[in-house]
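Asks:
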Amino acid sequence: MERTQIVVIGSGIGGLCCAALLGRYGYDVIVCESHSITGGAAHGFERGGFLFDSGPSLYSGLSHSPSPNPLRQVLDAIGEDANWLNYDTWGCCLPEGDFDTTVGSDQFCDVLQQLRGAQAVREWRHLQQVMQPLGAAAIALPPAAMRFDLGAFQTVRHFLPSLLQQGVHVAKLTGPFSRIMDGIVHDDFARHWLDMLCFLLSGLPATGTIAAAVAFMFADWYRPGVQLDYPQGGSAAVVAALERGLKKYGGDIRLNAHVEEILLEGDQAIGVRLRNGQEIQATKAVISNASVWDTLKLLPALPAKYKRFEQKRQATPECDSFMHLHLGIDATGLDQLACHYIVVNDWSQGIDAPQNLVLISIPSVLDPNLAPDGKHTIHVYTPGNEPYGVWAGCDRKSAEYAQLKQQRAEVMWQALERIIPDIRSRCAVTLVGTPLTHGRFLRRHHGSYGPAIRAGQGVFPGPRTPIQQLWCCGDSTFPGIGLPAVAASGMVLANTLAPVKQHLEMLREINVLNS
Numbered sequence: 004m005e006r007t008q009i010v011v012i013g014s015g016i017g018g019l020c021c022a023a024l025l026g027r028y029g030y031d032v033i034v035c036e037s038h039s040i041t042g043g044a045a046h047g048f049e050r051g052g053f054l055f056d057s058g059p060s061l062y063s064g065l066s067h068s069p070s071p072n073p074l075r076q077v078l079d080a081i082g083e084d085a086n087w088l089n090y091d092t093w094g095c096c097l098p099e100g101d102f103d104t105t106v107g108s109d110q111f112c113d114v115l116q117q118l119r120g121a122q123a124v125r126e127w128r129h130l131q132q133v134m135q136p137l138g139a140a141a142i143a144l145p146p147a148a149m150r151f152d153l154g155a156f157q158t159v160r161h162f163l164p165s166l167l168q169q170g171v172h173v174a175k176l177t178g179p180f181s182r183i184m185d186g187i188v189h190d191d192f193a194r195h196w197l198d199m200l201c202f203l204l205s206g207l208p209a210t211g212t213i214a215a216a217v218a219f220m221f222a223d224w225y226r227p228g229v230q231l232d233y234p235q236g237g238s239a240a241v242v243a244a245l246e247r248g249l250k251k252y253g254g255d256i257r258l259n260a261h262v263e264e265i266l267l268e269g270d271q272a273i274g275v276r277l278r279n280g281q282e283i284q285a286t287k288a289v290i291s292n293a294s295v296w297d298t299l300k301l302l303p304a305l306p307a308k309y310k311r312f313e314q315k316r317q318a319t320p321e322c323d324s325f326m327h328l329h330l331g332i333d334a335t336g337l338d339q340l341a342c343h344y345i346v347v348n349d350w351s352q353g354i355d356a357p358q359n360l361v362l363i364s365i366p367s368v369l370d371p372n373l374a375p376d377g378k379h380t381i382h383v384y385t386p387g388n389e390p391y392g393v394w395a396g397c398d399r400k401s402a403e404y405a406q407l408k409q410q411r412a413e414v415m416w417q418a419l420e421r422i423i424p425d426i427r428s429r430c431a432v433t434l435v436g437t438p439l440t441h442g443r444f445l446r447r448h449h450g451s452y453g454p455a456i457r458a459g460q461g462v463f464p465g466p467r468t469p470i471q472q473l474w475c476c477g478d479s480t481f482p483g484i485g486l487p488a489v490a491a492s493g494m495v496l497a498n499t500l501a502p503v504k505q506h507l508e509m510l511r512e513i514n515v516l517n518s
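Encoded structure:
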């Protein structure tokens with residue numbers, strides 16, 4: 004049996020953030036990754052000379068420090084970074100028409116004025132005024148200062164004056180964003196737009212998205228001079244930065260190392276057993292970056308006293324999955340493309356209706372090295388709105404599966420044709436991914452985007468479990484379930500396991516704490 008202090012199951016962004024910080028804090032860490040590539044949903048891959056992102060394509064708050072973005076804070080803490088490319092415009096193909104919009108405080112008001120008139124603009128300006136103090140409240144307590152033990156009294160107390168100053172606003176952040184929106188925004192298009200932003204943040208519309216996530220987004224996107232970021236080299240560059248940080252501090256990543264079982268001794272997790280029979284003992288902690296449902300699958304039969312824990316975690320509601328279209332295309336004559344496009348087919352169906360919302364990413368517009376000369380790399384996906392039930396029981400090798408792939412991918416082709424009408428004749432590489440693909444390569448239960456825990460109706464469980472020394476991080480533990488949320492989950496857990504003195508030193512070094 005190999006021996007280390009901490010074993011992390013899974014190399015998604017949450018697991019890598021946690022592992023790299025734990026390495027910085029001086030722990031011996033081994034990360035076990037089932038796939039042959041690190042990064043989880045954020046891994047990159049190559050086909051035919053084209054470099055593709057498997058998942059995240061939208062980044063912000065990462066090209067400057069200090070930043071409220073938890074992922075930026077982790078990169079600062081481990082002294083690693085990616086090269087960031089900046090832009091501020093993306094395209095929209097909506098039922099109202101096609102137009103470009105930008106981040107920042109003013110341009111969307113021009114869009115509203117043109118599409119809906121002065122009243123819609125007044126409502127939006129009012130919402131911006133209301134969200135300004137809420138945004139300040141959302142970032143009043145940096146995730147880097149948080150921990151889930153009594154040591155939090157020593158790390159969080161430095162931010163109490165700011166929190167108390169924002170007290171009345173902090174209380175509003177815990178409910179659904181719709182409670183704030185409903186009293187201010189009445190224009191149908193503006194409400195649909197906000198529903199869409201909420202869905203992109205959390206996989207849920209405004210009625211289910213926690214107000215804190217939207218306030219954070221407003222504080223980041225709708226401020227003067229803001230720009231969005233994209234990592235040169237794609238999402239794999241962010242993964243590589245975290246991996247460098249982990250290895251710099253002595254940590255290790257094992258690829259093709261599928262964890263078959265979490266080993267228990269009495270009420271305590273003591274290590275993991277891999278599919279190849281190898282066992283790794285963990286003297287301090289076993290940390291699962293797997294989803295809430297997949298973590299349960301790794302546990303042996305538990306005593307009856309854990310039945311409520313198992314039932315509650317198993318009953319966690321889940322977001323739907325994804326369809327993916329990865330294309331390598333001839334870029335001849337395509338000189339005016341944006342990096343990103345959002346396509347909505349029908350507001351009346353609801354933003355979370357299956358195949359209603361399609362996202363298009365063309366990152367080679369910003370980073371030509373992602374594609375051969377004269378080519379573009381394209382990633383089209385339906386974000387968390389593809390029902391798993393359509394695919395349940397399908398044989399991936401069958402003709403029926405191939406036909407269903409073609410049928411369910413059609414909405415993505417049609418969305419892309421609104422941008423590049425002759426797209427089907429330009430393709431050199433064509434890859435279609437389904438919920439089964441998502442589940443297979445990411446080891447995700449039902450290929451799910453993550454938990455669909457609605458604000459005001461449920462609480463994310465955090466990193467603790469009733470099993471001693473078994474902890475969790477990732478999208479099942481922290482509200483938001485996107486990149487900032489999973490980075491925060493890993494950072495907060497690493498802080499929890501670290502001595503308070505080292506935690507405070509880290510906060511000072513990254514300029515989150517000045518005293």
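Mapping of the sequence shown onto the working numbering: residues 4 to 518, in sequence order. Here a beta-carbon is modelled for each residue, glycine too, at the ideal position from N, C-alpha and C.
Could you pull the start and end residues of the alpha helix (DSSP H) that Ile16 belongs to?
Replies: For the purposes of this step, residue 16 is taken as the residue at position 13 of the sequence shown. Counting along the chain, the alpha helix (DSSP H) containing Ile16 begins and ends at 16-27.
Asks: Which residues in the same chain as Ser205 place their Cβ atom closer than 8 Å to its Cβ, once the five residues preceding and following it in sequence are excluded?
Replies: The sequence position of residue 205 within the sequence shown is 202, counting from 1. Excluding sequence neighbours, Ser205 sits near Gly211, Thr212, Ile213, Ala216, Pro482, Gly483, Ile484, Gly485.
Asks: Once the 5 residues before and after Leu245 are set aside, which same chain residues still bring their CB inside 6 Å of it?
Replies: One-based indexing of the sequence shown puts residue 245 at position 242. The residues are Leu19, Ala23.
Asks: Which whole-angstrom value describes the C-beta separation of Arg50 and Leu434, a residue pair presumed to lie in contact below a C-beta threshold of 8 Å?
Replies: Stepping through the sequence shown from its first residue, residue 50 is reached at position 47. Stepping through the sequence shown from its first residue, residue 434 is reached at position 431. That belief holds up - the Cβ atoms of Arg50 and Leu434 are roughly 7 Å apart, short of 8 Å.
Asks: With H, G and I counted as helix, E and B as strand and the rest as coil, what does DSSP make of Gly170?
Replies: Against the sequence shown, residue 170 aligns to sequence position 167. Helix.
Asks: Return the residue from the list Thr385, Ile354, Ala334 that minimises the CA-CA distance to Ser367.
Replies: The sequence position of residue 367 within the sequence shown is 364, counting from 1. Out of Thr385, Ile354, Ala334, Ala334 has the C-alpha closest to the C-alpha of Ser367.
Asks: Can the beta-carbon of Val124 be found less than 8 Å from the beta-carbon of Leu115?
Replies: Walking along the sequence shown from the start, residue 124 turns up at place 121. Walking along the sequence shown from the start, residue 115 turns up at place 112. In contact: Val124 and Leu115 (Cβ atoms closer than 8 Å).
Asks: Just to confirm my understanding: we take Trp296, look at its own chain, exclude 5 residues before and 5 after, and list those with CB closer than 6 Å. What are they?
Replies: As a working mapping, residue 296 is identified with position 293 in the sequence shown. Its chain contains His448 as the residues whose beta carbon lies nearer than 6 Å to that of Trp296, once the 5 sequence neighbours on both sides are disregarded; these appear in chain order.
Asks: How big is the Cα-Cα spacing for His343 and Pro136?
Replies: If you number the sequence shown from 1, residue 343 lands on position 340. If you number the sequence shown from 1, residue 136 lands on position 133. Rounded to the nearest angstrom, the two C-alpha atoms are 29 Å apart.
Asks: Taking the alpha-carbon positions, what's the Ser324 to Met4 distance?
Replies: Mapped onto the sequence shown, residue 324 falls at position 321. Mapped onto the sequence shown, residue 4 falls at position 1. Approximately 37 Å, taken between the alpha carbons.
Asks: Using DSSP's beta-bridge definition, name the partner residues of Ala288.
Replies: The residue labelled residue 288 in the question sits at position 285 within the sequence shown. DSSP, once it has assigned bridges, lists Ile9 as partnering Ala288.
Asks: Please state the DSSP three-state secondary structure of Phe221.
Replies: As a first step, residue 221 must be located in the sequence shown, where it is residue number 218. Here Phe221 sits in helix by DSSP.
Asks: Indicate whether Pro487 and Asn86 have their beta-carbon atoms separated by less than 8 Å.
Replies: As a first step, residue 487 must be located in the sequence shown, where it is residue number 484. As a first step, residue 86 must be located in the sequence shown, where it is residue number 83. No, they are not a contact pair.
Asks: When you compare each of Met509, Ile12, Tyr404, Gln8 to Arg257 by their alpha carbons, which one comes out closest?
Replies: Here residue 257 refers to the residue found at position 254 when the sequence shown is read from its first residue. It is Ile12 whose Cα lies nearest to the Cα of Arg257.
Asks: Skipping 5 residues on each side, what residues in its chain have a beta carbon closer than 7 Å to that of Gln317?
Replies: Taking the first residue of the sequence shown as position 1, residue 317 is located at position 314. For Gln317, where only same-chain residues beyond five positions count, the Cβ hits under 7 Å are Trp296, Leu299.
Asks: Since I believe Ile33 is in contact with Asp255 (beta carbons under 8 Å), could you give me their beta-carbon distance rounded to a whole number of angstroms?
Replies: Counted from its first residue, the sequence shown places residue 255 at position 252. Counted from its first residue, the sequence shown places residue 33 at position 30. Indeed, because the Cβ distance is near 5 Å, the residues count as touching under 8 Å.
Asks: Let's test the definition: count the other Cβ atoms within 10 Å of the Cβ of His520 and tell me whether it reaches 16, buried, or not, exposed.
Replies: Any answer about residue 520 is impossible in this case: the structure gives the chain only from 4 up to 518.
Asks: Quick check on DSSP: helix, strand or coil for Lys378?
Replies: Working through the sequence shown from its first residue, we reach residue 378 at position 375. Residue state, collapsed to three classes: strand.
Asks: Suppose the cutoff is 7 Å on Cβ atoms and the five residues either side in sequence are ignored; what does the same chain contact list for Pro98 look like?
Replies: Here residue 98 refers to the residue found at position 95 of the sequence shown. Val347, Asp349, Trp350.
Asks: By Cβ distance, which residues of its chain are closer than 8 Å to Cys112, with the 5 residues on each side in sequence left out?
Replies: Position 109 of the sequence shown, counted from the first residue, corresponds to residue 112. Only residues of its own chain outside the window of five on either side were considered, and among them Val124, Trp127, Arg128 have a CB closer than 8 Å to the CB of Cys112, listed in chain order.
Asks: Taking just the CA atoms, how far does Ala174 sit from Gln352?
Replies: As a position in the sequence shown, residue 352 is number 349, starting the count at 1. As a position in the sequence shown, residue 174 is number 171, starting the count at 1. Rounded to whole angstroms, Gln352 to Ala174 spans 32 Å at the Cα level.
Asks: Which residue comes first and which comes last in the beta strand (DSSP E) that contains Glu264?
Replies: Here residue 264 is taken as the residue at index 261 of the sequence shown, counted from 1. Its beta strand (DSSP E) spans residues 262-268.
Asks: From what residue to what residue does the alpha helix (DSSP H) around Val114 run?
Replies: Translated into the one-based positions of the sequence shown, residue 114 becomes position 111. Element bounds for Val114: 110-118.
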